[in-house]
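Visitor: Letter 159 of the sequence shown, counting from 1, is numbered 159 in full-length UniProt numbering, and no numbers are missing.
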Amino acid sequence: MISFDFLAVLAEWPLLLKGLAWTLGLTLVATPLGLLIATLGAWSRASGPVWLRRLLGAYVELLRNTPFIVQLFFIFFGLPAAGVKLSPQAASLIAMTLNLGAYGTEILRAGIQATPRGQWEAAQSLALSPVQVFTRVVLPPALQRVWPAMTSQIIIVMLGSAVCGQISTEELSYAANLIQSRNFRAFEAFIIATLTYLALAIAARQLLMWAGPRFIFGRGRRHG
Numbered sequence: 001m002i003s004f005d006f007l008a009v010l011a012e013w014p015l016l017l018k019g020l021a022w023t024l025g026l027t028l029v030a031t032p033l034g035l036l037i038a039t040l041g042a043w044s045r046a047s048g049p050v051w052l053r054r055l056l057g058a059y060v061e062l063l064r065n066t067p068f069i070v071q072l073f074f075i076f077f078g079l080p081a082a083g084v085k086l087s088p089q090a091a092s093l094i095a096m097t098l099n100l101g102a103y104g105t106e107i108l109r110a111g112i113q114a115t116p117r118g119q120w121e122a123a124q125s126l127a128l129s130p131v132q133v134f135t136r137v138v139l140p141p142a143l144q145r146v147w148p149a150m151t152s153q154i155i156i157v158m159l160g161s162a163v164c165g166q167i168s169t170e171e172l173s174y175a176a177n178l179i180q181s182r183n184f185r186a187f188e189a190f191i192i193a194t195l196t197y198l199a200l201a202i203a204a205r206q207l208l209m210w211a212g213p214r215f216i217f218g219r220g221r222r223h224g
């Protein structure tokens, strides 16, 4: 007879809470940094010099066509050979940020390319600087167009943080694996972790879809 003991896992709530905190912390820091890279990258690929477009194109293609875990391992295990040694947490944060930045660059670039040329020309006729044209006229509606896709990518990066436990980052999946190694309740531990990730993803989607038009692209659209 199969018996389940979820209380044995929930009794380790400090570990679960710590893992949840690390998952949220990594996501909360990686998201704005990744969006910043995506914004700069999209603008550069749309309007930058040829050499910069090619450099960013190589960065985007490299990260979009290699597994996240390989990127993580390269940063944590590979860079020390070049004299750059990082903590598991720092390596995880850098990997998540760069990954989101690469995918976000292409997502946002698609929104920028959908901007009518007349909108650019109208803004330029008002004697706005290139930076003002981009940040006040082009970027807000571009973000509005692609925000659902960007939200999904942020959630994918958050869920991808689960592999960061492979380098001993004490996020949620690491905590679940540690608990099941202590009490051998693997089914219960990973069911709880799964449900927690599900709740995080749903909550994050709702929060991002609410916050986007109010604090990110909506404000720029009202004052643009």
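By construction, the Cβ of each residue, glycine as well, lies at the ideal position given by its N, Cα and C atoms. All of these numbers come straight from a predicted model, not from anything done at the bench.
Going by C-alpha distance, which of A127, A95, L139, L126 is nearest P116?
Guide: Numbered from its first residue, the sequence shown carries residue 116 at position 116. Looking at the Cα atoms, L139 is the closest of the given residues.
Visitor: Helix, strand or coil: how does DSSP classify A127 here?
Guide: Numbered from 1 along the sequence shown, position 127 holds the residue referred to as residue 127. A127 falls in the coil class under three-state DSSP.
Visitor: DSSP three-state call for I2: helix, strand or coil?
Guide: To locate residue 2, count along the sequence shown from 1; it is residue 2. If DSSP states are grouped into helix, strand and coil, I2 belongs with coil.
Visitor: According to the neighbour-count rule (16 or more other Cβ atoms, all chains shown, within 10 Å of its Cβ), is N99 buried or exposed?
Guide: Along the sequence shown, one-based indexing puts residue 99 at 99. With 16 or more Cβ atoms within 10 Å of its Cβ, N99 is classed as buried.
Visitor: Does DSSP classify L196 as helix, strand or coil?
Guide: For this step, residue 196 is matched to residue 196 along the sequence shown. According to the sequence as given, residue 196 is Thr; it is not Leu. Three-state result, T196: helix.
Visitor: Using the Cα positions of A175 and T27, report the straight-line distance between them to the nearest angstrom.
Guide: Within the sequence shown, numbered from 1, the residue matching residue 175 stands at position 175. Within the sequence shown, numbered from 1, the residue matching residue 27 stands at position 27. The alpha-carbon atoms of A175 and T27 are separated by roughly 17 Å.
Visitor: Which residue's Cα is closest to the Cα of P130: G48, P14, L35?
Guide: The residue labelled residue 130 in the question sits at position 130 within the sequence shown. Checked all of G48, P14, L35; the closest Cα to P130 is G48.
Visitor: Tell me whether V84 sits in a helix, a strand or coil according to DSSP, three-state version.
Guide: Numbered from its first residue, the sequence shown carries residue 84 at position 84. In this structure, V84 counts as coil in the three-state DSSP scheme.
Visitor: Just the C-alpha distance for A11 and L56, rounded to the nearest angstrom, thanks.
Guide: Counted from its first residue, the sequence shown places residue 11 at position 11. Counted from its first residue, the sequence shown places residue 56 at position 56. About 48 Å.
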